[in-house]
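Per my numbering, the sequence shown starts with residue 9, numbered consecutively. Built from N, CA and C at the ideal position, the CB exists for glycine as well. Below is one structure, written out as structure tokens; comments come after it.
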Amino acid sequence: MKYSKESDNLYFLMKSKGENMARVSAKRQITLPIELCAIAAIQIGDEVETYVDRQGVISIVKKIPGAAKGLLKDIPVNKRLTDEESLQSALNT
């Protein structure tokens, strides 16, 4: 596989003719090509998140420790509610 840089943030992989496609194992596992891992800086043991959109496109995103730190810092906290009450109130809105 070869990759070309489309922009600063987007890469496209180009497969050579006859190159094998990835297959899903009996355990529903897929091995990521080394080229993709290199582009995404994914190392052995890294954690990833997976997402699927309505068109069936699966995205794999490397988790970065501390990336969400402070994300909820400005949200007011009501300490009188239990975790379950808080979750229920969020589900009801």
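Which residues mark the beginning and the end of the beta strand (DSSP E) in which residue 57 is found? Where residue 57 is concerned, the enclosing beta strand (DSSP E) stretches over 56 to 60.
Using the Cα positions of residue 30 and residue 39, report the straight-line distance between them to the nearest angstrom. 7 Å
Taking the alpha-carbon positions, what's the residue 77 to residue 87 distance? 21 Å
Can you name the residues that DSSP bridges to residue 170? For the chain, the structure presents residues 9 to 101; residue 170 sits outside this window and is missing.
Please state whether DSSP places residue 9 in a helix, a strand or coil. With a pLDDT of only 49 at residue 9, under the threshold of 50, the placement of this residue in the model should not be trusted; the figure read from the coordinates follows. Coil.
Where does residue 91 sit, in a helix, a strand or coil, going by DSSP? helix
Put residue 86 into one of helix, strand or coil per three-state DSSP. coil
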